[in-house]
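The block underneath contains the structure these notes are about, expressed in structure tokens.
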Amino acid sequence: MTNVLLIIFIISLLYVSIANRIITYVRVLALQGVILFGVTFLQLKDIQTWNLVLILLETVVFKAVAVPMFLGYLIKRNKITRETEPYLPHFISLIIITMIVVITILLANSIQDTHLDKIFFIVSLSTLFTGLYFIASRKKIITHVMGYLMIENGVFVLSLAVGNEMPNLVNLGIMLDVFASVLILGIFLNKIGDVFKAVDVDQLSNLKDY
Amino acid sequence: MLSIILILFSSIFFAGFILRTKSIASGRKGPGIMQPVKDVIRLFKKGTIYSETTSIIFRIGPVIYFSSVLMACMVIPFGPYKGIVSFDGDFVFFAYILALGKFFSIISAMDTGSSFEGMGASREALFSMFAEPAFFILIGSFALLTGNTSFFDIFSTLHLGSSITYTLGGLAAFVLVMIAMIENSRMPVDDPKTHLELTMIHEVMVLDNSGFDLGLILTAGYLKFAMYGAIIADFFIGGLSVSFALPLFLFIQLLFAVTVGLIESFMARFRMNHNPQFILALSSVSFLIFLGVLLVLEKFL
Amino acid sequence: MFLYESNVLVGFLLKAFAALFFSGIVTIPFLSARIKPIASVSIVFIIALLTSVLAIIGLKEGGIEYPVSGGSFFGEIPLRIDGLSAWFILIINFTSITGALYGAGYLKSTRENLSLITFHWILYIIFHASMLIVTMVQNGMAFIVAWEIMSLSSFMLVLFDYTNPKVLKAGINYLVQMHISVVLLTMAFIWVYFKTGSFDFKKIELFFGTNVNTWLFLIFFAGFGLKAGFLGFHTWLPLAHPAAPSHISGVMSGVIVKLGIYGIFRIITFLKADYLVIGESIITLSLLTGLYGIMNAAIHRDFKKMLAYCTIENIGIIGIGTGLGLIGIAKGQSMLIFLGFGGALLHVLNHSLFKSLLFFSAGSVYRQTHTRDMDKLGGLIKSMPETAGLFLIGSIAIGGIPPLNGFISEFLIYCGILKGISAAGIAQITLMIITFAAMSIIGGISILTFTKTFGTVFLGSPRQKLTSEPAEVSFLMLFPQYLIVLLMIVIAFFPGYFVNILGMILTVKIFPNTGISAPDLSGYLAVLRNISLASFIFVLLISLVFIIRWVVMRGSASKLSATWGCGYTAPDSRMQYTGKSFSKSFGKTFNFVLIEKKRYEEIEREDTFPETRKYQSFYLDLFEHKIINPVILIVTRFINAFQFVQNGKIQAYVIYGIVFILTIFIGTILNFWH
Amino acid sequence: MTGIYLISAFVIAGLIFANRNSLINNILIVIFGILQTAFTIYSCYHYKSTVLEYFTFDSLGLLLLMTLSVITIPALLHSYLYIKRHDETPSSRAIYFAALIFLIASITAAYLANHIAVIWIFTEMTTLSASMLIYHHRNKLALEGTWKYVFICAISITFVFIGILFLSLSLQHAGSNDLSFCKPDAL
């Protein structure tokens, strides 16, 4: 069942690569939160109850509800246009993300480690690279944030793979989630949207070596 | 032999069910279930008009298109019964014989020298080209899963047992439904019922066909639907005995028809330049099926 | 290997071959213009007959060995004709005969230029003979010489229309690239010579047995790959093929390119280790070759250039088969070896057939219309019905569509992939499934390519007024094409015979080296019988539907009218979909591989009333324009920095000499070199 | 002492943040300077001892800590002069110094920590405080700089976390579960 959820997780990556609207990204992030909730529920059997409850709360409340709502609010408040405006066509994005998945499959196979559940490894690594690719290939700052959130989801998946042995690492991951998302989104909400009217990364290129 | 009879049988009602679903979804009563078949019979009786530009290609095109679809149907098995033609790697033959039909339908559209039909032909070639790898990866994955390479062997040894195999079956059904939609140029890719400028793939290719030829082309379309329906059904009825398989087969065909109708009722057509990425996404989904197969086979350590 | 050391028949045949070859070259210039083509065709035919007999003996007996004394320079040259050589000899002979026949018809109108024709036919004979010798000799030095003669003669054949600067440029490009190939091959043979002390091919096996295999194989692969046109080595193909006269392009694409494949196969038979890594790299490269070739073929409007790119695609497919066979050796799977190598070799034959057919019929179109731009043509099926039919058959076959021969070889390779999937590690599985998908997408694009070409050239109505009304070509040009179609149909409907031969070749050639026992082919022969049965059923089905159609339509009315223009009342033939527009959306989707360049003048502000304007769009080769040309530019700039050395002053040149001598002198005195 | 240092440093930072009086502000800064120096001297005398389970005064940590303390004093002085010359408002001054002290304390703790997760937490804290410092001027350029800093740091911290995860995986492989650098008994 975990594997099924994780495969759906990868499908969400593919879906996001051909999505045209920002709101679709938000929905996919929410979906990923729900999937992570399911995976956590199924995967972390051996840890203490209160810790599990904390993690579950984090995934479902923070990842699946709060952050997406917050993002939706940001989009509305800052009047961000709804198109995603990638640098590369969606077609190429799709090819690249498929390639990423294939390469991580091959990479995962080359690792000789019985402790590691390979499917977790594949999913987290491909999510990670997809997030990085998103940051590199999208124009808007808000899509950068979404790429970052996606990376965090990927890292969370990886931390779940070791979660039974070291639950404190999962907690650390959650701390990272909350900390970075709040910081980044906070800055975004308070400042960037007000100061920069059209939020393209092209506007954020004044600081450089001349 | 049984399979082709079943496919022919379900193809009679298929288009009718789609139409009926669509009319119910839009709150109309709609025509009878047999109306599409009656239309085809009416077309068979009619005379034909040929364009002066056309050559022999235009006359043989529909015939070869129809024959290729019929031939492809012969490859499909039904549960415990083989198709008429069955050998190792027959699905390659299946895909390529369909390609032959497509080849002739495309060049017969080019034969009219019309700008509209050329446009349709070009898009048909492009989109069906993108759909090929999805089908091949899909069947290749199941060939890997079962260790067999013919339709019959794959389906008869395929056991859906665990949650992950059900997911694979579901994903495969999704991919096949979408391939069927692309092959027939139906809703998410093209809307067959809109005005000419908006309907740009299959319907526009057959603008100049009339009479018997048009009837053949329409029949081939219904057959294609029933054929893909049969493949989808085969994913789930492989190991069953006939008494279970037969109703299940008909039920899946019905379900497929209703699904197509619902998709056509509630989805909007994509923009033409978004189609390639959508169709290629099917290949990526097939790739995930492949990943799932690897998981089931425990190839990861 | 069965040795036929001093068999009388073999000796006689070889001597007859040599005698006929030399006497032919000497006598042709003195014949009258009418007899020249007839004499040359018959010489080619008889040489082909003699060598085919040799090849058949070689096949039957499992190999011929006939040492020839090459004087003090070459030493003893072993002539060996084993199954592999025999297969290629037969392919070369068939294509050369059809090419010569077609050429005799094709060159009829240029008969007035007598010396050119003489030269052409002499070269054709040399070319044919050198190709045969390349497949026979197994001495590195002699091989290189034959290879060089082959390259040179084909180069001069390409230059038939030498007054055209474009042809000259393409020819020079071809010449240079072929010499890079020769340099690489020479390097490889010399390496073997230094390690083993002999140029005999058998010593390569010794080399591979005692050294790391990959590097020498890489050099050989680069050398032969240049000839075959693998990705990165392919840039000469789309230039040389359109430049050459059509029968030469047909033979070049059908056979010369395949000799690169022959070389690679030959080296593979000597390999001793590293099968897996070599196989995987070949598959990967071939995959990219195939995709790249067909993508480019899909967008070009010059139909001979399109065919040239299509050749690259087919080389990719052949390469995929070869790689599969190598993986089969690595994994010890005899069936995979058979399907991979057998599929590749059968595709070599098939491609030589349908590609020469396509080039010949395309040549007929060019001969009648004098243009290679498909967007200027249209509706030719009415004036050239037979050529159209032949081109259609070639198009269907090259797409690998049943019921024609292309399907058989592609099917074998598909089956090989399916075999390879179920038995290897995960990296191979993934590679296989990607190959599987890529093969299918190659098939899909080739349908797009050939529907486009056939549709625009032969269907619809003429797009431009041609200078002369096209008419069907002469029977002499059609006859060889029908011959090819006949063989294609034989392969398509009776593949078992050819597969048996391939099984025999591989059993003798590949399996003993690897220690893997030959597979039982009966299963696949049954499958192939099933395929031909299915093809028959299909043909019957088509005829049945036709009969029904005829019966039903007998009574009903049928009339002719204008094409339905969707209400537009003034249709024009220029409004038809063109080749460019047909592949436009494809080109746009893959714009990261297919570089489109446009040339036009912008409308200025002052141009109140727009005048007639020109808009031009064309595609560039990614490799040529993004990789090779920039590198050449950088090298040229670097070398240009030394321009001052070559300054045209005689004094400076003398000074260089003095400086050189002084350096040597001083160096000797000061003992620099010890 | 380590605990006292950390707590008092954070308390000082908090007080500065709350305070608007310039004299008290200066006094607190001086106190922090003394505290930092004192703690450095203290740690020199407790070389190779482990305190509070997660902090060890090892040689690398000490070296870096001394460098930090040497830089701290002129940095505080310079900040004082800079703020004074630019006529900052009390609130912006308070935020500035609070963030500065917070940053220095976090860096100190990160230097001395012997557990990779603890280091990681303190590194995050440095990111937070440094971003506040960067945003001091509150104009468009500062905002751009802050955004870039925060975003890149967030990604880098994520990567560090991935590294920790991999490390823990390989530790499992080696049969261990401990992510600290050195066992107390090894010293």
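Residue numbers (the numbering used here), protein chains in the order written: chain F, 3 to 212; chain S, 21 to 321; chain A, 23 to 696; chain W, 173 to 359. Glycine is no exception: its CB is placed at the ideal position from the N, C-alpha and C atoms.
Along the beta strand (DSSP E) that carries S/Phe232, what are the first and last residues, could you check? Counting along the chain, S/Phe232 falls outside any beta strand (DSSP E), though it belongs to the alpha helix (DSSP H) covering Gly231 to Ile257.
Say whether chain A places a C-beta atom closer than 8 Å to the C-beta of F/Val67. no
For W/Leu272, I'd like the list of residues in its chain whose CB is within less than 7 Å of its CB, leaving aside the five on either flank, ordered along the chain. Ser251 and Leu305
Closer than 8 Å at the beta carbon, the chain F residues around W/Ile340: What sits at residue 340 of chain W in the sequence shown is Ser, not Ile. By Cβ distance, chain F contributes Val164, Glu167, Met168 and Leu171.
Distance between A/Asn522 and S/Met21 (C-alpha atoms, nearest Å): 32 Å
From F/Phe122, F/Asn170 and F/Arg140, pick the residue whose C-alpha is nearest to that of F/Ile37; which is it? F/Phe122
Hey, quick one: how far does the beta strand (DSSP E) through A/Lys620 stretch, first residue to last? Ile617 to Tyr622
Assess contact between the stretch 137 to 148 of chain S and the stretch 222 to 240 of chain S, defined as three or more Cβ pairs (one per stretch) separated by less than 8 Å. Is contact present? yes
Three-way DSSP call (helix, strand, coil) for A/Leu488 in this model: coil
Cutoff 8 Å: F/Val18 Cβ touching any chain A Cβ: no
Please go through the stretch 380 to 444 of chain A and give each complete alpha helix (DSSP H) segment of 4 or more residues, from N-terminal end onward. 402 to 405, 407 to 420 and 427 to 443
At the level of alpha carbons, what is the spacing between S/Ile69 and S/Leu234? 11 Å
Taking contact to mean 3 or more Cβ pairs, one atom from each stretch, closer than 8 Å, check whether the stretch 288 to 302 of chain S and the stretch 88 to 102 of chain F are in contact. yes
With distances taken Cα to Cα, identify the nearest neighbour of A/Phe363 among A/Thr185, A/Phe433 and A/Arg389. A/Phe433
Below 8 Å, can you find three or more Cβ-Cβ pairs linking the stretch 178 to 192 of chain A to the stretch 237 to 252 of chain A? no
Quick one: what's got a C-beta closer than 6 Å to W/Leu359's C-beta in the same chain, skipping five residues either side? Bear in mind that the predicted position of W/Leu359 carries a pLDDT of just 45, short of 50, making it unreliable; the figure below should be weighed with that in mind. Taken in chain order, the residues that qualify are Lys220.
A/Tyr622 burial status per 10 Å Cβ neighbour count (16 or more: buried): exposed
Flag S/Ser23 as yes if its beta-carbon sits less than 8 Å from any beta-carbon of chain F, otherwise no. no
May I ask you to report which of helix, strand or coil DSSP gives A/Glu87? strand
Taking all protein chains shown into account, decide if A/Phe581 is buried (16 or more other Cβ within 10 angstroms of its Cβ) or exposed. According to the sequence provided, residue 581 of chain A is Lys. The question's Phe does not apply to it. It is exposed - the Cβ of A/Lys581 has fewer than 16 other Cβ atoms within 10 Å.
Alpha-carbon spacing of S/Thr214 relative to A/Ser603, whole angstroms: 23 Å
Could you run through the stretch 437 to 450 of chain A and flag, in chain order, every residue whose CB is less than 8 Å away from some CB of chain F? Gly447, Ile448 and Ala449
Exposed or buried, what is W/Trp319 when buried is set at 16 or more other beta-carbons lying within 10 Å of its beta-carbon? buried
Pick from A/Ile448, A/Thr634, A/Pro424 and A/Pro593 that is closest to S/Ser88, judged by C-alpha positions: A/Pro424
is_contact[W/Pro356, chain F] using C-beta, thresh 8 Å: Because the pLDDT at W/Pro356 is just 49, under 50, the model does not fix this residue reliably, and the value given afterwards should be weighed accordingly. So, not an interface residue.
Can you name the residues that DSSP bridges to A/Asp324? A/Asp395
Using the beta-carbon of each residue, which ones in chain F are nearer than 8 Å to A/Phe614? Ile94
I need the straight-line Cα distance from A/Met23 to A/Ile103, nearest angstrom please. With a pLDDT of 42 at A/Met23, under the threshold of 50, the modelled position of that residue is not reliable, and no figure is offered here.
Just the chain A side, please: which residues come within less than 9 Å of S/Gly309 by C-beta, in chain order? A quick correction: the sequence has Ile, not Gly, at residue 309 of chain S. By Cβ distance, chain A contributes nothing, its closest Cβ being about 10 Å from S/Ile309, past 9 Å.
If the cut-off is 8 Å on Cβ atoms, which residues from the stretch 157 to 189 of chain S count as contacting chain A, listed in chain order? Ile157, Gly160, Ser161, Ala163, Leu164, Gly167 and Thr169
When you compare the CB of S/Leu196 with every CB in chain F, is at least one pair closer than 8 Å? no
Note down, one range per segment and in chain order, each alpha helix (DSSP H) of at least 4 residues found wholly within the stretch 457 to 501 of chain A. none
If you count every other CB in all the chains shown that lies within 10 Å of the CB of A/Met153, and 16 or more means buried, which is it? buried
Nearest chain A C-beta to F/Ile13 closer than 8 Å, yes or no? no
For A/Leu228, the residue or residues it bridges with in DSSP: DSSP, once it has assigned bridges, lists no residue as partnering A/Leu228.
For a contact meaning CB atoms closer than 9 Å, what does W/Val322 contact in chain F? Ala182, Leu185, Ile186 and Ile189
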